[in-house]
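Notes for the one structure printed next.
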Amino acid sequence: MNYGNENMKILEVDKKQIDDVLEFCDYIVDNCHPRLSGTPGCKKAADLIEDKMEKICGKDNTSMEEFKLHPKAFLKWIRPTILIYIISSIFLLIRWIEIATIGYLLADALLIGQFVFYSGIFDFLWPEATGYNVFGKIEPEGEVKQQIIISGHHDAAYVFNLMDKSPILYGISMFGGISMLFFTTIVSIVGTLMKWVQQSYPVFLGTWLHYFLIIAVLFIIPLWFFTTDRVTPGVGDNLIAVGIVLEMGKALVQLKAAGDYPLQNTRIILMSFDGEEAGTRGARAYARAHKDELLDLKTYNFNMDGLYSVEGITFLESDLNGTIKLDKEMAQECTNIAHKLGYPEVNMMKFPFGGGATDAAQFGKIGVTATSFFGVETTLKALDNMVYHSPRDTTDAIDPKVIQASLEIMSVFIQKREEEIT
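My numbering numbers the first residue of the sequence shown as 37 and each following residue consecutively.
Okay, here's the thing in structure tokens:
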């Protein structure tokens, strides 16, 4: 095989490989549900993935690392925040404006800390659990000069009730509710300052305030039903990525066994994170624990998340609600590879505010070259049939073409990195 031709791939994808990925997903769903991080089901999934990685990478090159997290802290802050908002609004209506302002600021802190920046500052308020990252290394034939982490996550999400019932209502409630919360906080702060200056209750907080708060509550109350205690099957988000990671590893090892291994100086790390749905806690734990080795050696992270269809799929150039930069050049290169391989649908995108995050964010945060191959389409047509974070997130929702595209794009990216370093 001519590895110098970018239209030639390390992995020539066939139907069996695609079927193997889908069968892996079905097996994990059937035997490990529910896979909420910190539960026995998620640990069992990690054990099964570890077994598969050991067969690919060897026992000595496969590891499972534990980390602590608070799985319920990531989304279960929503109801306390709504209660704080309603109580604060009552204080505002009865003109206890200082107390109202303190309450609104606390609600803002919960929202910003837990959702906007994934900081986890309030995690301690919820029970602690143990998560499990699993990874295996495939060493090159010669000296290691760089490494590429190909990754997905094996934990599953809570069902997003609003998104399941009406993705459009979900969007309206999210942006409307958050906007109302911030606007009310600003009004309350301004009112407090004016009261201190004027030594009297501000006139501008008149009758209109009652109507505004009624409208604000109408936007915010639906968020009470944002999520449920049900857990999704989590195939497109994100078992499919783990299956693709394993399939890529199998292909590389088969080339090694055949004496046709193309990677002389590039280490490949197969990675399955836990805790992504709890605020990318698994990726954060790994990035913190391995920061020195990730930065001492040139490292790339090719992450995958939400792969359902090639339509609307993107390489991310930013992450974590748009607050963290990923590597734009890597995203552009991967997009160019996709186009040359016959996938013109693939684009680049900055992650929108309210979109959450992928595990690549934690690599971007410490300075590792990273991007995410992200496939949750957000057009109105797609929203009508969305299965993301719903009970319908099964293998039936996966277009096999997205598996083929992921493997092909990834293999060419790996090949090009090897050519540049050799």
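Even for Gly, the Cβ is constructed at its ideal location relative to N, Cα and C.
Quick caveat: nothing in here was measured; it's all calculated off a predicted structure.
Whether residue i touches residue j by CB criterion (8 Å)
i, j, result
"glycine 342", "asparagine 274", "yes"
"proline 388", "glycine 358", "yes"
"proline 176", "glutamine 368", "no"
"valine 233", "valine 346", "no"
"alanine 82", "glycine 156", "no"
"leucine 352", "alanine 323", "no"
"proline 269", "leucine 205", "no"
"isoleucine 256", "glycine 315", "no"
"isoleucine 54", "valine 278", "no"
"methionine 307", "threonine 350", "no"
"leucine 249", "serine 125", "yes"
"alanine 136", "leucine 142", "no"
"glycine 400", "aspartate 355", "yes"
"tyrosine 424", "methionine 100", "no"
"alanine 252", "methionine 210", "no"
"aspartate 191", "leucine 58", "no"
"threonine 75", "aspartate 144", "no"
"alanine 393", "tyrosine 63", "no"
"aspartate 360", "valine 448", "Checking the sequence shown, residue 360 turns out to be isoleucine, not aspartate. Not in contact: isoleucine 360 and valine 448 (Cβ atoms no closer than 8 Å)."
"isoleucine 118", "tryptophan 260", "yes"
Burial state of residue i (16 or more Cβ within 10 Å)
i, result
"glycine 272", "buried"
"histidine 189", "buried"
"histidine 246", "exposed"
"tryptophan 113", "buried"
"lysine 173", "buried"
"proline 203", "buried"
"asparagine 67", "exposed"
"aspartate 429", "buried"
"leucine 331", "exposed"
"isoleucine 133", "buried"
"phenylalanine 103", "buried"
"leucine 362", "buried"
"isoleucine 120", "buried"
"methionine 37", "Caution applies to methionine 37, whose pLDDT of 33 falls short of 50 and renders its modelled position unreliable; the model cannot decide the point."
"leucine 333", "exposed"
"serine 236", "exposed"
"isoleucine 276", "buried"
Length of the line joining the Cα atoms of residue i and residue j
i, j, result
"aspartate 265", "glycine 178", "49 Å"
"leucine 47", "isoleucine 225", "59 Å"
"aspartate 50", "lysine 88", "20 Å"
"threonine 415", "valine 382", "With a pLDDT of 49 at threonine 415, under the threshold of 50, the modelled position of that residue is not reliable, and the figure given next carries that caveat. Straight-line Cα distance between these residues: approximately 14 Å."
"lysine 364", "proline 238", "49 Å"
"aspartate 435", "cysteine 61", "14 Å"
"leucine 161", "leucine 146", "11 Å"
"tyrosine 194", "alanine 433", "18 Å"
"lysine 79", "glycine 403", "30 Å"
"phenylalanine 409", "asparagine 339", "6 Å"
"glutamine 290", "isoleucine 280", "15 Å"
"lysine 417", "proline 298", "Legend: pLDDT at lysine 417 = 49, less than 50; position of this residue unreliable, value from coordinates given subsequently. The straight-line gap from Cα to Cα measures roughly 42 Å."
"tyrosine 168", "threonine 243", "54 Å"
"glycine 285", "isoleucine 92", "6 Å"
"aspartate 310", "lysine 181", "28 Å"
"proline 380", "serine 442", "14 Å"
"isoleucine 184", "glycine 139", "46 Å"
"threonine 524", "threonine 263", "With the chain covering 37 to 458 only, the question about residue 524 has no answer from this structure."
"methionine 446", "cysteine 370", "8 Å"
"aspartate 56", "glutamate 283", "8 Å"
"glycine 77", "glycine 391", "26 Å"
"alanine 294", "isoleucine 305", "20 Å"
"glycine 287", "lysine 376", "The displayed chain sequence assigns alanine, not glycine, to residue 287. Between alanine 287 and lysine 376, the C-alpha separation is close to 22 Å."
"lysine 452", "lysine 52", "26 Å"
"alanine 321", "aspartate 159", "15 Å"
"leucine 111", "glycine 207", "16 Å"
"glutamate 90", "glutamine 440", "24 Å"
"serine 444", "glycine 411", "The sequence given here has glutamate at residue 444, not serine. Those two C-alpha atoms are separated by around 16 Å."
"lysine 231", "phenylalanine 218", "20 Å"
"glutamate 312", "asparagine 97", "23 Å"
"glutamate 456", "histidine 326", "25 Å"
"isoleucine 130", "serine 426", "41 Å"
"glycine 149", "glutamate 454", "40 Å"
"tyrosine 344", "threonine 431", "9 Å"
"lysine 95", "valine 170", "12 Å"
Anticipated Cβ contact below 8 Å, residue i with residue j, distance rounded
i, j, result
"isoleucine 186", "threonine 302", "Not confirmed; about 12 Å, so no contact."
"glutamate 164", "histidine 106", "6 Å"
"methionine 366", "threonine 335", "No, methionine 366 and threonine 335 are not in contact; Cβ-Cβ is about 11 Å, not under 8 Å."
Requested in this report: Kindly provide the ranges of any alpha helix (DSSP H) runs that are 4 or more residues long and lie completely inside the segment 233-294, ordered along the chain.
Outcome: 243-256, 276-293
Requested in this report: Only counting runs of 3 or more residues, tell me where the beta strand (DSSP E) segments fall wholly within the segment 341-421, in order along the chain.
Outcome: 350-352, 383-385, 405-410
Requested in this report: Mind listing, in chain order, the continuous beta strand (DSSP E) runs of no fewer than 3 residues lying wholly within the segment 160-198?
Outcome: 165-174, 182-189, 194-196
Report task. Jot down the residue ranges of each uninterrupted alpha helix (DSSP H) in the segment 42-66, minimum 4 residues, whole runs only, in chain order. Result -> none
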